[in-house]
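Chains as they are written, first to last, in my numbering: chain D, 1 to 295; chain C, 1 to 276; chain Y, 1 to 359.
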Amino acid sequence: MSRTKPYSRTIPHPLFERLIVEDAMNEDKEAWKPERPHEYGYFPGCVDFMDVEVKFTHLNKGDADHASIAAASIKLLNYANIDPLILDMNIFKCSGHDQLWQGQLEVFDALKEHNMRRLKESGIKIITCSCAECYRTFAVDYDLPGTLGIKVEHITQTLQGRGLKFKAPEDVTVAYHDPCRLGRMMGEYEAPRDLIQLVDGAKMVELENNKERALCCGVSSMMYCNDATKAVRRKRLDQGSDAGIDLMLGGCPKCYMHMQCMLNEERMNPEEGHHHDYEMMDLMQFLVACLEEEN
Amino acid sequence: MAEIDKNFMSTYAKVATHDGDDEPIQIWAKDTDSYGGVGSDKLGIWGSVVAVDFDICVADGACIEACPVDVYDWIDTPNHPASDKKAIMAREPDCIVCRACEEVCPVVAVLITDPGDIGTDSGTSEVIEESEETPATPAEAPQESIMATDETTSLFFHKPNKWLGRAKDVLAKEELPTTGIEKAKDMFKDLRKQTLDSLPRGKDYIALVDNEKCIGCTQCVYFCNFASIDMISWDLQARTSQFESKKALILEDTCTGCTLCAFACPVEAITMESRV
Amino acid sequence: MTEDNPSEVVDDDAIEMIYEHQEEQISLDTVNKLENREDHSVLEADMVKGEPLYPHEMTRDAVLTLYILALFFYLAAFVPPPLHKAADPTAGTAFPPPLPDWYLLWAFGCLKVATDLKIGLPLSLIPFLGLEDIEIFLMTAKVWGTLVQGLIVGLVVAVPFLDRALGALIDPQYGDVVNRGHERRPIEDPVRAAIGVYGIVMVIMLSIFSINANIAIYYPEVTTDVLNQLTIWGPIVAGVITYVFLDRRRSEGAKPLTDEERFSLYVDGIKDRRMQRIYEFKLNRCYQCGLCDDICPVRDMEGEHELNIIYNTFQNEHDGVAMWSCITCGMCTAVCPQNIEYIDYVLEQRALTTSGASL
C-alpha cells in the first residue's frame with residue numbers, strides 16, 4: 001500500500017506567517033515623511049509576501065501573480081485621476097489580519113502600533129485597500145475613522161462612480177465571488193458589481209450562492225488547507241462551472257490565491273477527476289486587462 | 001570515494017536534464033566529457049535543490065525511507081560501478097528542505113540547498129550568467145517543463161490564463177512603483193535559513209510537545225506526513241468534546257524528526273529533542 | 001513504498017494504539033463524570049437553574065388562584081350589577097342603546113364615525129334651466145365603516161410583508177436585509193413608535209366615541225361633536241407628541257444602548273447567570289432556530305448529525321464548529337435572526353487561548 005499525498009503540505013503556511021511575525025517584531029522607530037502631501041493612500045497589503053510564499057512552494061505551477069494586483073490597483077487609481085501615496089511594505093507592515101484571527105495578539109498589536117504611527121505621519125485623508133481583509137482590519141479592528149479620522153475604502157468603492165470606461169478585448173462571461181470580509185462583514189456587495197457592469201463586453205452572471213450567502217474560499221487567515229476546507233472551495237468552484245463562466249473575479253488577493261491554487265492542483269492531478277474550465281482572477285487584474293488603448 | 005562537492009553549483013556545469021515527475025531534473029558534471037548518460041559509468045550530480053552525486057551513491061535506500069515527502073524514486077543505472085540503481089529526486093519541487101536524507105546517507109552523496117539560495121545568491125559572476133541562461137529555481141521552471149514533459153502536465157499547461165497575460169501586458173507598458181517585493185524576498189531568504197538552522201533534525205531527534213503551551217489547534221496533525229501525531233485528552237475532568245482540552249501526542253516510533261510540526265505550531269509548543 | 005517496509009507496520013500499529021488509548025480516555029472520562037457528578041457538574045447546575053414543581057411552583061400558583069377567586073366572590077357578593085332596563089332592539093338609539101362587547105367597541109366606533117360620502121352636483125347654479133341640485137351617494141356610512149375595519153385588520157395582517165419595504169423607506173439601515181429581525185426599541189425608531197401610538201390611541205378614542213349616547217347621559221356637556229373632534233385629532237396629537245419626545249431624547253444623547261451597556265445592565269439584573277463576557281451575552285440571545293447549522297460550510301463538510309452551533313457554544317460544549325476549524329466566514333451571522341456575531345466569539349476565544357489576553 002502506498003502512501004497517498006497528504007493535502008496538508010500544500011500550504012506550508014508557517015513560512016509566510018513567520019515572515020510577517022518577523023517583520024512585526026523588528027522595531028522600526030525611524031521617523032518618515034512622504035515627499036509631498038497626498039489625499040489618498042493606497043495600501044497594497046502583503047501581496048509581495050504572498051508571491052514569495054507561492055514561488056517557494058510548488059503552487060507556482062500556474063501563473064498566479066499577486067504583485068500584479070498592487071500594480072493593477074495603482075494603474076487604475078491613476079486612470080481615475082487619483083494620485084495615491086503608496087503605503088508599501090518597505091515603510092508599512094502587514095495589517096495583521098491573519099495574526100489577529102489566529103489569536104496572536106502580541107504580533108497584531110505590534111503591527112497595529114507601527115502602522116498607526118506611520119499613518120499619522122503620512123497625513124493622508126483616505127486609505128484605500130485592494131484587499132478585503134486589510135479593509136476590514138483598518139475599518140473595524142484599527143477603527144481608523146474613529147481614532148485617526150482617516151476614511152477607509154475598498155478600492156472598488158474608490159473607483160466606483162468616477163466615470164471609468166473599460167472594454168473587454170473579447171466577449172467574456174464573468175462571475176463575482178464575494179469575499180467574506182468585504183461582503184458579509186463590511187456589507188459591500190454593489191461596488192464591485194457596478195465596476196464589472198462598466199466593462200463593455202463582459203457579461204456578469206451570479207453564482208448560485210451570492211451576496212450575503214456567498215460561499216467562503218475556505219482558508220481563513222491561512223489557518224488550514226485540509227480536506228474539509230478544500231471541499232468548501234471545490235463546492236464554490238463547482239458553482240462557477242454550473243454558471244458557465246470564463247472567469248471568476250474576486251475582491252481579495254487571498255481568495256485569488258486559494259482558488260487559483262485549487263484550480264492548479266486539480267489540473268496537475270487530472271486522475272482525481274475534478275476539472276474546472278475557467279480561471280480565477282482578481283477584479284483589479286481583470287479591469288486592467290480591459291483598459292482601453294490610450295491612443 | 002569522496003563526498004559530494006559542496007560548491008558544485010559554481011564549479012560544475014549543467015550538461016543535461018532528465019524527466020522528473022513534475023519538473024525536469026538538472027544534471028551537473030565537471031564538463032561534458034565526464035557525463036556519459038544513463039547506462040554509462042559517468043553520471044555526475046543530479047538535481048539542484050536535492051542534489052545527489054550518482055557517482056558516489058551506493059543505493060542503500062536510506063534517503064528514500066527518510067524522506068517525509070516522498071521526493072525520491074529508484075532509477076536503474078546499469079553498468080555503473082557503485083551500484084546498478086540510484087535514488088532519483090523525481091519530485092524535487094516537493095522538497096521541504098528538512099535535510100533528513102542528508103543526515104542518513106552513509107556515503108554523503110546528498111546535498112540539500114535552500115531554494116532561496118539558488119539563482120540569486122551564487123558566488124561568481126560567471127555562474128550568474130550561466131543560471132540566467134537556464135534558470136534552475138522552481139519559480140521559473142514551468143516554461144521549461146512545457147517542452148520537457150507533455151503527458152503528465154499537458155492538461156495543466158494547455159491553457160495559460162490569457163486574461164492575466166493581457167493584464168501583465170498592459171501593466172508592462174508603464175513603470176509602476178514596486179511595493180516591496182525585494183524586501184519580502186530578502187526577509188524570506190534570511191528567515192528560512194535562520195529557522196532551518198535553528199532546529200536540529202534527523203533520526204536522532206524527536207519532536208516533543210509542551211502540554212502547557214499546546215492549544216489543541218491540530219495544526220501539527222495536518223502537517224505530519226507519518227500520522228505520528230494524534231490529539232489526546234489528558235484532562236479527565238474536561239469534557240471530551242471540548243476542543244482545547246486535547247493536546248498533541250507525538251509517537252516515538254514513527255516520528256522521523258523532520259521538524260515540520262515544529263514549523264506548523266502557532267504557539268511554538270513543539271521542540272526538537274535528542275532521542276538519547 | 002515497498003511492502004516489506006517496516007515503518008508501515010509500525011504506522012498502523014501506532015494508529016490503532018492511539019485510537020484504543022483515546023477510546024479508553026473517553027470511557028474513563030464518562031465514568032469519572034458519572035461518579036463525581038457533584039464535583040463535575042458545577043457548570044450544568046448553574047446553567048439549568050430552576051425551582052421544583054412541588055412545593056414551590058404549586059404554592060405560588062395556588063396563592064394566585066385563590067386570590068383571584070376571592071376577588072370574584074367579593075365582587076359577586078357585595079357589588080350589585082349596574083343593570084338598566086332590558087334592551088329593546090327595535091328602539092333605535094333610544095336609551096339604553098344596545099352595545100357590542102367592549103373589545104369590539106372600536107369597530108362599532110368605526111361604523112359610527114363614518115358618515116355618508118356624497119357628491120353634490122350644483123345644477124341650480126346653471127341659470128335659466130331651473131334644475132335642482134343632485135346628490136350622488138359615493139358610499140354609505142355602513143359600507144364605509146365596514147371597509148375601515150377591513151382596512152385596519154388588513155393592515156395588521158400585512159405588517160410582516162410591509163415591514164421590510166416600509167422600513168427601508170423610513171430608515172435604510174433597518175430595512176437592510178442583513179439587519180432583519182434585529183430587535184428595535186422605540187428610541188431607536190421614533191417614526192414607527194409614533195405610528196404605533198397613533199394606532200393605540202385611535203382604538204381607544206373610537207371605543208369611547210362608540211358609547212357617546214351613554215356618555216351623554218352622565219356628562220351632557222360632552223357632545224358628539226366634541227367626541228368627533230377628539231377621535232380625529234387625539235391620535236394625531238398623541239403620535240406627534242411621541243415622535244417629538246423620542247426624537248428629542250435621541251438627539252439629547254439618549255442613544256440606543258450599546259451591547260456593552262446592555263450587557264452591564266443585564267449582569268446587574270441577573271448576577272447569578274455567570275455572564276462573564278460580552279460574547280456570552282451575545283450568544284445568550286440564541287433561541288436555537290438552527291439556521292446557522294444549516295448554512296455553515298464547515299458543518300456541511302464535516303458534520304454528521306444536526307447541532308446548533310451558537311447554542312452549543314454558549315453551553316461551553318464547543319462541539320458545533322471547533323474553534324480552530326471555523327473559517328470565520330460569517331455566514332452564521334448573515335442568517336442569524338438575532339444577529340449574533342459568532343465570529344466575534346471565535347476571535348475573542350482564540351486570542352484568549354493563544355496569547356492569554358482578551359481583546
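Glycine residues also receive a C-beta, built at the ideal position from the N, C-alpha and C atoms. Small disclaimer: the values here were computed from a predicted structure and weren't measured.
Residue i bridges to which residues according to DSSP?
i, result
"Ala29 (chain C)", "C:Ala13"
"His154 (chain D)", "D:Cys129"
"Thr173 (chain D)", "D:Lys203"
"Ala51 (chain C)", "C:Leu111"
"Gly163 (chain D)", "DSSP lists no partner for Gly163 (chain D)."
"Ala248 (chain C)", "C:Met231"
"Ala87 (chain C)", "C:Trp74"
"Asp204 (chain C)", "Looking at the DSSP assignment, Asp204 (chain C) forms no beta bridge with any residue, so it has no partner."
"Lys118 (chain Y)", "Y:Phe137"
"Ile86 (chain D)", "D:Tyr42"
Within the 7 Å Cβ cut-off, does residue i reach chain C?
i, result
"Ile15 (chain Y)", "yes"
"Pro192 (chain D)", "no"
"Pro84 (chain D)", "no"
"Val288 (chain D)", "yes"
"Ile18 (chain Y)", "yes"
"Asp200 (chain D)", "no"
"Lys271 (chain Y)", "Unreliable positioning characterises Lys271 (chain Y) in this predicted model, as indicated by a pLDDT of 48, which lies under 50. The coordinate reading is nonetheless provided below. It does not; no Cβ of chain C falls within 7 Å."
For residue i, which of helix, strand or coil comes out of DSSP?
i, result
"Phe72 (chain Y)", "helix"
"Phe92 (chain D)", "coil"
"Trp46 (chain C)", "strand"
"Pro192 (chain D)", "helix"
"Ile152 (chain Y)", "helix"
"Asp178 (chain C)", "Looking at the sequence provided, one finds Thr at residue 178 (chain C) rather than Asp. Here Thr178 (chain C) sits in coil by DSSP."
"Glu273 (chain C)", "strand"
"Gly201 (chain D)", "strand"
"His276 (chain D)", "coil"
"Lys173 (chain C)", "coil"
"Cys289 (chain Y)", "coil"
"Ile241 (chain Y)", "helix"
"Leu83 (chain Y)", "coil"
"Ser220 (chain D)", "coil"
"Phe137 (chain Y)", "strand"
"Val191 (chain Y)", "helix"
"Glu17 (chain D)", "helix"
"Phe43 (chain D)", "strand"
"Met116 (chain D)", "helix"
"Leu105 (chain D)", "helix"
"Leu28 (chain Y)", "helix"
For residue i and chain D, any beta-carbon pair shorter than 7 Å?
i, result
"Met187 (chain C)", "yes"
"Met301 (chain Y)", "yes"
Consider the Cβ of residue i: report whether some Cβ of chain Y lies at a distance smaller than 7 Å.
i, result
"Leu76 (chain D)", "no"
"Arg36 (chain D)", "no"
"Glu299 (chain D)", "Coverage of chain D is limited to positions 1 through 295, which leaves residue 299 (chain D) absent and any answer about it impossible."
"Ala82 (chain C)", "no"
"Arg184 (chain D)", "yes"
"Gly103 (chain D)", "yes"
"Val140 (chain D)", "no"
"Leu111 (chain D)", "no"
Pull out every residue of the stretch 102-119 of chain Y whose Cβ sits closer than 8 Å to any Cβ of chain D, in chain order.
none
Under 9 Å (Cβ pairs) to chain D, residues found in the stretch 287-298 of chain Y
Ile295, Pro297, Val298
Residues in the stretch 162-185 of chain C having any Cβ partner in chain D nearer than 9 Å:
The stretch 162-185 of chain C vs chain D, Cβ under 9 Å: Lys162, Trp163, Leu164, Gly165, Arg166, Ala167, Lys168, Asp169, Val170, Leu171, Lys173, Glu174, Leu176, Pro177, Thr178, Thr179, Gly180, Ile181, Glu182, Lys183, Ala184, Lys185.
Decide if the stretch 260-275 of chain D is in contact with the stretch 147-158 of chain D; the criterion is three or more beta carbon pairs, one per stretch, under 8 Å apart.
no
Do the stretch 103-119 of chain D and the stretch 164-182 of chain D meet, that is, are 3 or more Cβ pairs less than 8 Å apart?
no
Cβ pair count under 8 Å reaching 3, the stretch 331-346 of chain Y against the stretch 191-202 of chain D:
Short answer: they don't touch.
Cβ pair count under 8 Å reaching 3, the stretch 67-79 of chain C against the stretch 5-17 of chain C
With the cut-off at 8 Å, the stretch 67-79 of chain C and the stretch 5-17 of chain C do not touch.
Three CB pairs or more closer than 8 Å across the stretch 130-140 of chain D and the stretch 29-46 of chain D
In the pairwise beta carbon analysis, the stretch 130-140 of chain D is classified as touching the stretch 29-46 of chain D: at least three pairs are separated by under 8 Å.
Below 8 Å, can you find three or more Cβ-Cβ pairs linking the stretch 179-191 of chain D to the stretch 291-302 of chain Y?
no
Any residues in the stretch 85-97 of chain D with a beta carbon nearer than 7 Å to a beta carbon of chain C? Which ones, in chain order?
Of all residues in the stretch 85-97 of chain D, only Ile86, Asp88, Met89, Asn90 come within less than 7 Å of chain C when Cβ atoms are compared, listed by chain position.
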